[in-house]
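The listed protein sequences derive, respectively, from chains G and R.
For the first sequence, position 52 (counting from the first letter as 1) is numbered 52 according to the working numbering, and the numbering increases by one without interruption.
Position in the second sequence (first residue = 1) + 1000 = the working numbering.
Protein chains: 2
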Amino acid sequence: MGYEDPLKGYSGKLREILKSIGASIGARIRIRKDGEVYEGILMPRHGFAGKQILVLKLDNGYNIGIRTVGKMEIDLVAKAREIKFEAIPSARQRIGELPRVFILGTGGTIASRVEYETGAVKPAMSVDEILDIVPELLDIAVIESETILSIFSEDMTSKYWEIIAEEVAKVIESGVNGVVIAHGTDTMAYTAAALAFAIQNLPAPIVLVGAQRSSDRPSTDAAYNLKGAVITAAKAPFGEVVIAMHGMSSDEYIAVHRGVKTRKMHTSRRDTFQSINDIPIAKVDLRTNKLKLLSNRYLPRRNLEEMRVRPKFEPKVALVKVYPGIDPEIIDFLVDKKYKGIVLEGTGLGHIRAEALPAIRRAIEEGIIVVMTSQCLFGRINMNVYARGRDLLALGVIPGEDMLPETAFVKLSWVLAQTQNPDEVRKLMTTNMVYEINPVHRYELFPRWYHGE
Amino acid sequence: MGYEDPLKGYSGKLREILKSIGASIGARIRIRKDGEVYEGILMPRHGFAGKQILVLKLDNGYNIGIRTVGKMEIDLVAKAREIKFEAIPSARQRIGELPRVFILGTGGTIASRVEYETGAVKPAMSVDEILDIVPELLDIAVIESETILSIFSEDMTSKYWEIIAEEVAKVIESGVNGVVIAHGTDTMAYTAAALAFAIQNLPAPIVLVGAQRSSDRPSTDAAYNLKGAVITAAKAPFGEVVIAMHGMSSDEYIAVHRGVKTRKMHTSRRDTFQSINDIPIAKVDLRTNKLKLLSNRYLPRRNLEEMRVRPKFEPKVALVKVYPGIDPEIIDFLVDKKYKGIVLEGTGLGHIRAEALPAIRRAIEEGIIVVMTSQCLFGRINMNVYARGRDLLALGVIPGEDMLPETAFVKLSWVLAQTQNPDEVRKLMTTNMVYEINPVHRYELFPRWYHGE
C-alpha cells in the first residue's frame, strides 16, 4: 500500500490535467460533466480500466468510474491527506498493536474489473489491488495477502477446495488472528462448507467474502464486505468458517453466516447470502465497526495444536435434484460411472417416485452411499412419516437431517475421502460436526414473507 | 353430505356409550381422560380410524382423535344442531343462491388417514370424506366432487398432469365458478405450473390445496386450507391457477399464491408454500371468510369460449442442478437418451463450469433445447454480465429470465409438446404467458430474514 507515484495508474492527457490542478491520489476533487456533478476522493486507476477513466470514491463509500472524454470541468476541492493512506496504519503495524489478518485471493467478482473496452468482467485484480479500495482496513489489522487462484467460482471443484484448505492451514499455522478468503459468490457456500469439514478445531475464523458487483464499479459492495470480513477475522471469538456479506441492500451492516448453513439466495442482491435453518452468528455494524454476536451457539477458537487438517475430497459424488417423472436411469448412469456417493435433493420430507426405488436399491447394493435431502431447503428430512420414506430407509438411504443439499453434497465428498466403510460413512453423515446439523429443528427459523401489510 | 346414521362410523361399545348420553354427530361433548379435558363437536369416524377412536372438532377448528380405551368420562354438553349439517346449505343449494365449486381429489396428505394400527399414512379418503371435516363449506358453495387419483404427489408425472388437465377442462366446461384440486404438497407447485400452461384464458380459478398433516389428525391444516381454497374458487375475480395454503403457522389466513411463481419452501410448516419473485395474489381471512386481493396484477376470468386447452407434455425433459465439479457426461447421457430438453439449475446469474461447455454445445447441435435457471431461486438470469454467460448465450442456451427452475422445467415440457421448432421454442420460453416471467424484476421481492432484533 502507499503510492510512490502520486497519480498511480493515470497517464496521458488525463494525468496532465490532474497534475495541472494539483491533484494526487487521495485528493478531493469535483467533476462537472453532462450536467452532473461528482465529488469524491481520487483513487488509483488499475490497468484494466480504460485510460480515460477517472476513479472517484464517493462520500457514500462507493467507487465510481467516470469517463473523461468530451467536455468536462475538473476542480481540486482539497489536497490529499497523506495520513489516511500511509502514516498511521504503518506506524501501528510497526509497534504490533493490531491483529494479523491474512487475505487469500481466489478470484471472483470481488477481484474483477470491467474491461471498459469490451464490457467483460474479469477476475484480474490481486488482493493488494483490492485493498486499494479500502485503505481504512490498515487501521483495523495488519494485512498480509496472497493471490492463490484467479477463477470465477462456477469453475471451483473439490480439487481447488483441497488447494485452498492446504493454503489456509499453512496461513493459520503461521499464527494469524484470522483468515479472509476473497471468492466468487456463485459457489462460495460450497467452498465454505468444504473448508468447515477440511479444517476443524479452528484457532482462527476463516471468513469468505465476495462481491455482487466488481470492485472497480461505482456500486461495488466489495469495500464494505471486505471491511466486515477483516473485522470478523480479526475480532471474532469463534473458530468457524463463515461468510461475511451485506446483511441488507443498504450499507448498514455485514451479516456473518455459518458456512455450512448458508446459501446464495438471490442472483443480484447484495444481501444474497442467507442462513437456512439457522441464524447468522454475528453482524458487523458498518458505522461503529463493531462485531455483535447474535448467538452464543458457536465453536470457540481452539489452540493451534488442536487444529485438525483433513483436506481431501472424493470427486465421484453427485448431487441429483428430484422432479416429477425423473428418469431412474440417471441413477443407474452414476452407478455405471463408478460414483461413490449420491445426494438426492428429494421432495418434501425426503421423497422420490416409486419408479426410482430399484435403481436406488442397486446403487446401495453396489456400495454407493445415498443421502436424502430436501428441495424445500427449510426444515428437516423425516422419512418415518410416509410409506415412501420408510421404503427408502429400508433400502439404506441415509436421511440428511436438516442439512442443505449443497452442504450434504460437500460433506459426503469429504466423508468419502476419510472412510469408505458404509457404517462409518452413515455415522459421520448423521452426526453433527460443525453445526451443519441441528439436534432439534427450530421451527421458527423461517424468514418473513411479504403477504400484504 | 348429511348423516342418515346419527352416529356415523361409530360401532361397538363406544357407539353404545355415545347413544346412552344422547350424543349424535354434531353434538357438543366433553371428555375427561388422563387428567385432560377435551370439549368439542362430535365428528363422524371413518373406516381407517381405529374402532376406539372418537373424533372431536375442537373450538380452535382442529379435529382431534381420542383413543377411548381405559378410564374416561364422557358427557353431553349440547345436542347436535341439525341445521349446521344439513338444512341451510341444502336449502340454499336448491334455490341456486350459491356459487358452484367442483373439488377434484388426486390424493396426497389431505386425502390421507393414519392407520392407527401401523402408524402409516395413506391417501385413502374420497373428497366426500374430506368434506366431512369442513361441513361449513356447504354455506359457501354448492360442492360437487370426484376423486380421480389416489397417489402421493412424489409419484406425479407429466402423464398425470395431462389426465388432471383434461378433467379440469371438462369440469370448467360444465360451468362451475371454480375448481379445487386436492393434491399432495411435495410436487403441488409443479402441477400448478403444468395446469397454468395447459389451460389458458381460464373462466374460473383452479385452486390447488393440500395439507401438511393428514386430515384425520388433531393438528391437520386440511380444514382451513380447504375452506380458503373453496372461498377462492367461488369468489376470486381471477382466472389463474393458484395454490391456497396457510399463510402463517397460525390459523389467521390462507395465502393464495400464483402457481407458476410458488415453491414448497419448508418440509413441515403449514405456511410451506411461498411466492418467489412475486407476491401472493390474495389472502382469505379465516375469521371473516373474505378474500382480499393483494395485487391488481392478475389474469381476469375470461369467457368460456376463450378457454384454450392444450393438455400435452413432452416427457423427455430433464432438470439438472449444477454443483462444483459437475460431470459434463451427465449432459452427454441425456443427449444419448434422446432427451428433447434440459433445464439447468445453474449458479448465480446463470453459470456452469467451463468443462461443461462442449457437452452443452453438442446437446444444442443435436437439437436439444437447453434453458438456464438459477439455484438462487430469487432474482433473474443475466448471462450478459460475465464471460461464461456470454459463452453460454453464444452456444444457444436460452435464459430462463426470473422463472423458477421448476416452472421452467414444466414450461419446457409443455412447450416441446406444442412445437419442436427451436426458434418457436425459444420465443415461447422467453415470452411471458401467465405471469411466469416478470417483465422487470422487482428487487424488493425478497423475504425478511432474521438477523437479530
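The beta-carbon is built from N, C-alpha and C at its ideal position, and this holds for glycine as well.
Kindly list the residues whose CB is nearer than 7 Å to the CB of GLU401(G), restricted to its own chain and excluding five residues on each side of it in sequence; keep chain order. In the first sequence, residue 401(G) corresponds to position 401, counting from 1. Here GLU401(G) has ARG380, ILE381, THR430, ILE437 as same chain residues with Cβ atoms under 7 Å from its own Cβ, once five neighbours each way along the sequence are excluded.
For THR288(G), count the other beta carbons within 10 Å of its own beta carbon; 16 or more makes it buried, fewer makes it exposed. Which is it? Translated into positions along the first sequence, residue 288(G) becomes position 288. Burial call: exposed.
For the pair the region 222–242 of chain G and the region 180–193 of chain G, tell me if three or more CB-CB distances fall below 8 Å. Using a C-beta cut-off of 8 Å, the region 222–242 of chain G makes contact with the region 180–193 of chain G, since at least three inter-stretch Cβ pairs fall below that distance.
For a contact defined as C-beta to C-beta under 8 Å, what are the partners of TYR224(G) on chain R? Position 224 of the first sequence, counted from the first residue, corresponds to residue 224(G). None at all; the shortest Cβ gap to chain R is about 15 Å.
Could you compute how far the alpha carbon of PRO6(G) sits from the alpha carbon of LEU1334(R)? Residue 6(G) sits at position 6 when you count from the first residue of the first sequence. Residue 1334(R) sits at position 334 when you count from the first residue of the second sequence. About 58 Å.
What does the alpha-carbon distance come out to for the pair ALA169(G) and VAL309(G)? Here residue 169(G) refers to the residue found at position 169 when the first sequence is read from its first residue. Here residue 309(G) refers to the residue found at position 309 when the first sequence is read from its first residue. Rounded to whole angstroms, ALA169(G) to VAL309(G) spans 7 Å at the Cα level.
Would you call the CB atoms of VAL1256(R) and ILE1281(R) closer than 8 Å? Along the second sequence, one-based indexing puts residue 1256(R) at 256. Along the second sequence, one-based indexing puts residue 1281(R) at 281. Taking 8 Å as the Cβ cut-off, VAL1256(R) and ILE1281(R) qualify as a contacting pair.
In three-state DSSP terms, what is ASN1201(R)? Working through the second sequence from its first residue, we reach residue 1201(R) at position 201. The answer is coil: DSSP assigns ASN1201(R) none of H, G, I, E or B.
Strictly below 7 Å CB to CB, what residues from chain R border PHE446(G)? Along the first sequence, one-based indexing puts residue 446(G) at 446. Result: HIS1266, ARG1269.
6 Å Cβ shell around LEU42(G) - same chain, five flanking residues per side excluded: Mapped onto the first sequence, residue 42(G) falls at position 42. Closer than 6 Å at Cβ, skipping near neighbours: ALA23, ILE25, ALA27, ILE29.
Three-state secondary structure assigned by DSSP to PHE1409(R): Position 409 of the second sequence, counted from the start, is the residue given in the question as residue 1409(R). It is helical.
Work out the CA separation of ILE1017(R) and ALA1078(R) for me, nearest whole Å. On the second sequence, residue 1078(R) is found 78 positions in, with the first residue counted as 1. On the second sequence, residue 1017(R) is found 17 positions in, with the first residue counted as 1. Cα to Cα, the separation comes out at about 16 Å.
So, at 7 Å on beta carbons, what are the nonlocal neighbours of LYS427(G) in its own chain, with the 5 sequence-adjacent residues on each side left out? The residue labelled residue 427(G) in the question sits at position 427 within the first sequence. Here the set comprises nothing.
In whole angstroms, what separates the C-alpha of ILE1199(R) from that of PRO1311(R)? Stepping through the second sequence from its first residue, residue 1199(R) is reached at position 199. Stepping through the second sequence from its first residue, residue 1311(R) is reached at position 311. A straight-line Cα-Cα distance of about 7 Å links ILE1199(R) and PRO1311(R).
I need the DSSP call for PHE283(G), collapsed to helix, strand or coil. Looking up residue 283(G) in the first sequence gives position 283. This sequence places Lys at residue 283(G); Phe is not what is there. In the three-state DSSP reduction, LYS283(G) falls in the strand class (E or B).
Just checking my contact of THR157(G) with GLY1325(R) at CB under 8 Å: how many whole Å lie between their CB atoms? Working through the first sequence from its first residue, we reach residue 157(G) at position 157. Working through the second sequence from its first residue, we reach residue 1325(R) at position 325. Going by Cβ atoms, the distance from THR157(G) to GLY1325(R) rounds to 4 Å, so yes, they are a contact pair.
In chain G, what lies closer than 7 Å to ALA1182(R) by C-beta? Stepping through the second sequence from its first residue, residue 1182(R) is reached at position 182. The premise fails here: ALA1182(R) is roughly 16 Å from chain G at the closest Cβ pair, so nothing lies under 7 Å.
Are at least three pairs of beta-carbons, each pair with one atom in the region 1224–1238 of chain R and one in the region 1284–1301 of chain R, less than 8 Å apart? Yes, the region 1224–1238 of chain R is in contact with the region 1284–1301 of chain R.
PHE1378(R) at chain G interface by Cβ criterion, 8 Å: Start at 1 with the first residue of the second sequence, and residue 1378(R) comes out as number 378. It does: the Cβ of PHE1378(R) has a partner Cβ on chain G nearer than 8 Å.
Taking only beta-carbon positions, decide if MET125(G) is within less than 8 Å of chain R. Within the first sequence, residue 125(G) is the residue found at index 125, counting from 1. It does not: the Cβ of MET125(G) has no partner Cβ on chain R nearer than 8 Å.
Mapping DSSP to helix, strand and coil, what is PHE1102(R)? Position 102 of the second sequence, counted from the start, is the residue given in the question as residue 1102(R). Strand, per DSSP.
By alpha-carbon positions, which one of ARG1388(R), VAL1260(R), GLU1329(R), ILE1231(R) ends up nearest to VAL1284(R)? The count along the second sequence starts at 1 and reaches residue 1284(R) at position 284. Measuring from the Cα of VAL1284(R), the nearest candidate turns out to be ILE1231(R).
Which of the three DSSP states, helix, strand or coil, is assigned to LYS264(G)? Counted from its first residue, the first sequence places residue 264(G) at position 264. LYS264(G) falls in the strand class under three-state DSSP.
Would you call the region 245–255 of chain G and the region 220–231 of chain G touching, i.e. three or more CB-CB distances under 8 Å? Yes, the region 245–255 of chain G touches the region 220–231 of chain G.
Ranges of the beta strand (DSSP E) found wholly within the region 129–204 of chain G, counting only runs of at least 3: Within the region 129–204 of chain G, the complete beta strand (DSSP E) runs of at least 3 residues are 142–151, 178–182.
Please report how far the alpha carbon of ARG1094(R) lies from the alpha carbon of ARG1100(R), in whole angstroms. Looking up residue 1094(R) in the second sequence gives position 94. Looking up residue 1100(R) in the second sequence gives position 100. Any reading at ARG1094(R) must be qualified, since the residue scores a pLDDT of 46, below 50, and its modelled position is unreliable; the value itself is stated next. Answer to the nearest angstrom: the Cα atoms are 12 Å apart.
Anything in the region 1389–1419 of chain R with a Cβ closer than 9 Å to a Cβ of chain G? List those residues in chain order, please. Those would be ARG1390, ASP1402, PRO1405, GLU1406, PHE1409, VAL1410, SER1413, in chain order.
Taking LEU1357(R) and LEU1395(R) to be in contact with their CB atoms under 8 Å, please state how far apart those CB atoms are, rounded to whole angstroms. Along the second sequence, one-based indexing puts residue 1357(R) at 357. Along the second sequence, one-based indexing puts residue 1395(R) at 395. So it is a contact: roughly 7 Å between Cβ atoms.
Validate contact between the region 1211–1227 of chain R and the region 1124–1138 of chain R using beta carbons, cut 8 Å, 3 pairs: Contact holds: three or more Cβ-Cβ distances are below 8 Å.
Between the CA atoms of LEU304(G) and PRO203(G) - distance to the nearest angstrom: As a working note, residue 203(G) is residue 203 in the first sequence. As a working note, residue 304(G) is residue 304 in the first sequence. Their Cα atoms are separated by approximately 5 Å.
For chain G, find out if any of its Cβ atoms is closer than 8 Å to the Cβ of ASP1285(R); answer yes or no. On the second sequence, position 285 is the one that residue 1285(R) refers to. Under the Cβ criterion of 8 Å, ASP1285(R) is not counted among the residues facing chain G.
Backbone secondary structure at VAL397(G) - three-state DSSP: Here residue 397(G) refers to the residue found at position 397 of the first sequence. Three-state DSSP puts VAL397(G) in coil, outside helix and strand.
So which residues on chain G does PRO1328(R) lean against when the C-beta distance must stay under 7 Å? Taking the second sequence and counting its residues from 1, one reaches residue 1328(R) at position 328. By Cβ distance, chain G contributes nothing, its closest Cβ being about 12 Å from PRO1328(R), past 7 Å.
How about the region 1364–1373 of chain R and the region 1408–1420 of chain R: do they share at least three Cβ pairs that are nearer than 8 Å? Verdict: yes, contact present.
Can you find a C-beta in chain R that's less than 8 Å from the C-beta of ASN382(G)? Taking the first residue of the first sequence as 1, we reach residue 382(G) at position 382. It does; some Cβ of chain R falls within 8 Å.
On a CA-only basis, which of SER112(G), LEU54(G), ILE103(G) is nearest VAL171(G)? Give me that one, please. As a first step, residue 171(G) must be located in the first sequence, where it is residue number 171. For VAL171(G), the closest of SER112(G), LEU54(G), ILE103(G) by C-alpha to C-alpha distance is ILE103(G).
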